[in-house]
Amino acid sequence: MKRLNWAAEGPRLTVAEANACRNEWIAGMEYLPADHPAYIARLHLIRTHERLRIAAIEGRK
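So for the sequence shown, the numbering used here puts the first residue at 100; every next one is plus one.
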C-alpha cells in the first residue's frame, strides 16, 4: 500500500464536500444508541472535523 504524503498532495475534499460528509455522519447517528461503537466513531469524526475547520479559519487570520 502506498503511503500518502498529505502535505504534498494537498486537501482531499472541498469545504462543501467535507460539510456534506459531516451532515451524513450526523444523519446516520439519529437511530444509534449513544454507547454504540458506530455512534462513538461518528462523534469522533464530527469533533475532528470541527477542530480542523476552526484551525483552518484561524490560519487565514
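Using N, Cα and C, we set each Cβ at its ideal position, and we do this for glycine too.
Everything numeric in this text was worked out from a predicted model, so none of it was measured.
Return helix, strand or coil for residue i, following the three-state DSSP convention.
i	result
T147	helix
Y130	coil
L142	helix
Whole angstroms is fine: what's the gap from residue i's alpha carbon to residue j's?
i	j	result
T113	P132	31 Å
P136	W124	13 Å
M100	R141	Reliability fails at M100, whose pLDDT of 47 lies under 50, so the model's placement of it is uncertain and the value that follows must be treated cautiously. Computed Cα separation, rounded: 26 Å.
R150	M128	19 Å
H143	G158	22 Å
Would you say the beta carbon of residue i is closer than 7 Å to some non-hydrogen atom of the ligand NAP?
i	result
L144	The ligand NAP is absent from the structure shown, which contains no ligands of any kind.
Nearest to residue i by alpha carbon, out of the options?
i	options	result
R121	R152, Y130 and I156	R152
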